[in-house]
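Structure first, then comments.
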Amino acid sequence: MKKLIASMPTPFNQSFFFFGLLFLCNQAVYAQCASIPVSMQQRVEKASHIILGKLTAQHCYNDVDGNIYTLNIMDVKAYLKNNTGQKQVAIITLGGVLGDKAQITYPYLHIAPENEYIVFLEGENMAQADPSFRANHPDIMQSLPYAETQGALTYQFGMYHDLHVKPAQTEAATFAAIENWTHEPVRTPEGELFQARIYENSQPEFFPITTFSPNPTNGGTIVPGDFLNISGSGFGASAGTVYYSNADDGGATLTSSGVATDNTAWSDMAITNKVAFRAGTGPINVNGTISSGSSLTVNYGHLNINSNFSGFGTTTRQRYSLVNKNGAGGYTFLYNTTSVPV
181 MKKLIASMPT PFNQSFFFFG LLFLCNQAVY AQCASIPVSM QQRVEKASHI
231 ILGKLTAQHC YNDVDGNIYT LNIMDVKAYL KNNTGQKQVA IITLGGVLGD
281 KAQITYPYLH IAPENEYIVF LEGENMAQAD PSFRANHPDI MQSLPYAETQ
331 GALTYQFGMY HDLHVKPAQT EAATFAAIEN WTHEPVRTPE GELFQARIYE
381 NSQPEFFPIT TFSPNPTNGG TIVPGDFLNI SGSGFGASAG TVYYSNADDG
431 GATLTSSGVA TDNTAWSDMA ITNKVAFRAG TGPINVNGTI SSGSSLTVNY
481 GHLNINSNFS GFGTTTRQRY SLVNKNGAGG YTFLYNTTSV PV
């Protein structure tokens with residue numbers, strides 16, 4: 181594991197300091213190679229609570245040691261274990277952007293607003309919790325995910341995706357597997373039974389995406405030549421979302437940047453989009469319903485920072501540059517020599 185310090189030059193001659201904990205793994209498999217599989221049974225039995233929810237808000241904060249955390253506030257649709265009746269919970273993940281500082285941590289649990297998740301929670305956490313949020317919302321539990329990157333199952337197109345478990349499972353099968361160990365029915369926060377949903381496939385039988393270029397390209401950059409130009413029909417007059425095959429799980433799910441300004445142009449027949457840095461090689465998708473008939477090749481993903489820092493009027497993709505932080509013309513990698521594998 182490495183800790184990396186860098187800064188990003190800006191038009192205002194300010195610095196964007198970047199603190200990162202990085203594992204050296206190929207992007208397409210880093211989440212798998214940097215974690216040891218934890219069985220579903222262990223996650224179910226060790227979790228204090230298991231919820232089905234959707235992200236509604238995020239904010240970042242510091243702890244006493246200067247680490248940056250993100251608090252992911254989720255609306256709870258159902259409890260699969262230990263129903264507290266709370267309609268919101270807050271999931272603590274390490275890393276984020278706070279003012280002119282960013283901390284990027286790998287591996288980590290990425291919670292995106294477009295998905296639903298089943299989340300395995302460790303329970304109330306006082307050490308890493310956001311004290312300001314607790315003061316204003318003492319009734320909302322703040323918890324770390326149990327088993328970190330394996331602490332959530334991603335729900336997309338009627339299927340739940342588990343990082344190390346293939347194939348994906350329907351909601352009914354996932355509920356049944358978890359109930360086998362909890363012996364608790366799935367219920368809403370109000371206590372009503374939550375029935376597994378049947379997904380109706382709305383994918384068209386033809387491919388309205390006719391062309392896209394360049395191919396290959398690169399993710400996470402701010403280089404206009406890397407932006408993806410998509411031609412076709414039925415995209416809608418209002419800007420939506422471009423999804424890419426998720427490199428974190430080998431393309432099992434789709435991912436997007438989640439940043440509106442990454443759409444630099446949008447019409448019913450043409451889109452220009454900054455490629456998400458988690459994008460991997462595979463089909464692309466517009467608005468979750470329009471898929472391409474061929475694959476985009478992504479050479480690499482460049483880490484980027486989405487922030488309104490440095491005078492941007494809204495959240496905008498920014499890049500960082502490694503600069504002379506060690507006084508010797510470069511930067512210094514500090515290797516962790518104390519941690520041992522679990």
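In this text, residue positions in the sequence shown follow this note's numbering: the first is 181, and each later residue adds one.
Just so you know, even glycine gets a beta-carbon here, dropped at the ideal spot from N, CA and C.
As the structure is a computational prediction, the values presented were derived from the model and not from experiment.
Whole-angstrom Cβ separation of VAL422 and ILE464, contact assumed at under 8 Å? Locating residue 422 in the sequence shown gives position 242, counting from the first residue. Locating residue 464 in the sequence shown gives position 284, counting from the first residue. Their Cβ separation, rounded to whole angstroms, is 7 Å, which keeps VAL422 and ILE464 in contact under 8 Å.
C-alpha gap between HIS239 and LEU251, whole angstroms: Residue mapping note: residue 239 aligns to position 59 of the sequence shown, counting from 1. Residue mapping note: residue 251 aligns to position 71 of the sequence shown, counting from 1. Going from the Cα of HIS239 to the Cα of LEU251 covers about 5 Å.
Alpha carbon to alpha carbon, what distance is there between GLN283 and ASN506? Position 326 of the sequence shown, counted from the start, is the residue given in the question as residue 506. Position 103 of the sequence shown, counted from the start, is the residue given in the question as residue 283. Distance between the alpha carbons of ASN506 and GLN283: 19 Å.
Range of the contiguous alpha helix (DSSP H) that encloses GLU351: Stepping through the sequence shown from its first residue, residue 351 is reached at position 171. Residues 351-362.
Please report whether the beta-carbon of SER475 lies at a distance below 8 Å from any beta-carbon of chain B. Protein chains in the displayed structure number just one, and chain B is not present.
Start and end of the beta strand (DSSP E) containing PHE300? On the sequence shown, position 120 is the one that residue 300 refers to. Counting along the chain, the beta strand (DSSP E) containing PHE300 begins and ends at 296-304.
Endpoints, the beta strand (DSSP E) within which GLN266 is located: For the purposes of this step, residue 266 is identified with residue 86 of the sequence shown, where counting begins at 1. Per DSSP, GLN266 belongs to no beta strand (DSSP E) and is neither H nor E.
What residues match up with PRO293 in a beta bridge as DSSP calls it? Sequence index remark: in the sequence shown, residue 293 carries index 113 (1-based). PRO293 pairs with nothing; no bridge assigned.
Start-to-end residues for the alpha helix (DSSP H) that takes in LYS454: Locating residue 454 in the sequence shown gives position 274, counting from the first residue. No alpha helix (DSSP H) contains LYS454, which DSSP labels as neither H nor E.
Considering only DSSP beta bridges, list what PRO325 is partnered with. Within the sequence shown, residue 325 is the residue found at index 145, counting from 1. PRO325 pairs with LEU301.
Rounded to whole angstroms, what's the CA-CA distance from LEU324 to GLU359? Just pull it up for me. For the purposes of this step, residue 324 is identified with residue 144 of the sequence shown, where counting begins at 1. For the purposes of this step, residue 359 is identified with residue 179 of the sequence shown, where counting begins at 1. Roughly 22 Å between the two C-alpha positions.
Taking the C-alpha atoms as reference points, what is the distance between LEU514 and LEU408? Counted from its first residue, the sequence shown places residue 514 at position 334. Counted from its first residue, the sequence shown places residue 408 at position 228. Looking at the two C-alpha atoms, the distance is approximately 36 Å.
I'd like to know if the segment 394-401 and the segment 256-265 are in contact, where contact means that at least 3 CB-CB pairs between them fall below 8 Å. no
By alpha-carbon positions, which one of ASN262, ASN488 and GLN222 ends up nearest to ARG367? Taking the first residue of the sequence shown as 1, we reach residue 367 at position 187. The shortest Cα separation from ARG367 among ASN262, ASN488 and GLN222 belongs to ASN262.
Put ARG223 into one of helix, strand or coil per three-state DSSP. Translated into positions along the sequence shown, residue 223 becomes position 43. It is helical.
If you run the structure through DSSP and keep just helix, strand and coil, what is SER471? As a working mapping, residue 471 is identified with position 291 in the sequence shown. SER471: strand per DSSP, three-state reduction.
Is ALA307 buried or exposed, if buried means 16 or more other CB atoms sit within 10 Å of its CB? One-based indexing of the sequence shown puts residue 307 at position 127. Per the 10 Å Cβ criterion, exposed.
Close-in-space but distant-in-sequence residues of the same chain around THR401 (CB under 6 Å, 5 per side omitted): Within the sequence shown, residue 401 is the residue found at index 221, counting from 1. Closer than 6 Å at the Cβ level, and outside the excluded window around THR401, lie HIS482.
Helix or strand or just coil, what does DSSP make of GLN498? Position 318 of the sequence shown, counted from the first residue, corresponds to residue 498. GLN498: strand per DSSP, three-state reduction.
Taking THR273 as the reference, give the member of ASP406, ALA427 and VAL299 with the closest Cα. As a position in the sequence shown, residue 273 is number 93, starting the count at 1. The candidate whose alpha carbon is nearest that of THR273 is VAL299.
My output table needs one value for ARG377: the three-state DSSP class, helix, strand or coil. Here the question's residue 377 lines up with position 197 in the sequence shown. It is coil, neither helix nor strand.
Taking PHE155 as part of the beta strand (DSSP E), name the residues at either end of that continuous run. There is no way to answer for residue 155, as the model of the chain reaches only from 181 to 522.
Kindly indicate which residue of LEU235, LYS454, SER411 and ASP280 has the alpha-carbon position closest to the one of ILE248. Indexing the sequence shown from 1 puts residue 248 at position 68. Closest option to ILE248, Cα to Cα, is ASP280.
Give me the Cα-Cα distance between SER472 and GLU351, rounded to the nearest whole angstrom. Locating residue 472 in the sequence shown gives position 292, where the first residue counts as 1. Locating residue 351 in the sequence shown gives position 171, where the first residue counts as 1. Cα-Cα distance, rounded: 26 Å.
I'd like to know whether the C-beta atoms of GLY420 and ILE389 end up nearer to each other than 8 Å. Walking along the sequence shown from the start, residue 420 turns up at place 240. Walking along the sequence shown from the start, residue 389 turns up at place 209. Going by C-beta atoms, GLY420 is not nearer than 8 Å to ILE389.
Can you list, in chain order, the residues of its chain whose CB lies under 8 Å from that of ARG499, leaving out five sequence neighbours each side? Translated into the one-based positions of the sequence shown, residue 499 becomes position 319. Excluding positions up to five away in sequence, the list reads MET188, THR401, ILE402, HIS482, ASN484 and ILE485.
Name the one or two DSSP bridge partners that THR159 has. Only positions 181 to 522 of the chain appear in the structure, and residue 159 is not among them; the question remains open.
Based on Cα-Cα distance, which residue from LEU289, GLN268, VAL269 and GLN266 lies nearest to GLY275? Working through the sequence shown from its first residue, we reach residue 275 at position 95. Out of LEU289, GLN268, VAL269 and GLN266, LEU289 has the C-alpha closest to the C-alpha of GLY275.
Just to confirm before moving on: does the CB-CB distance between THR236 and ILE253 stay below 8 Å? Position 56 of the sequence shown, counted from the start, is the residue given in the question as residue 236. Position 73 of the sequence shown, counted from the start, is the residue given in the question as residue 253. For THR236 and ILE253, yes; Cβs fall inside 8 Å.
Residue range of the alpha helix (DSSP H) that SER312 falls in? Working through the sequence shown from its first residue, we reach residue 312 at position 132. Element bounds for SER312: 311-316.
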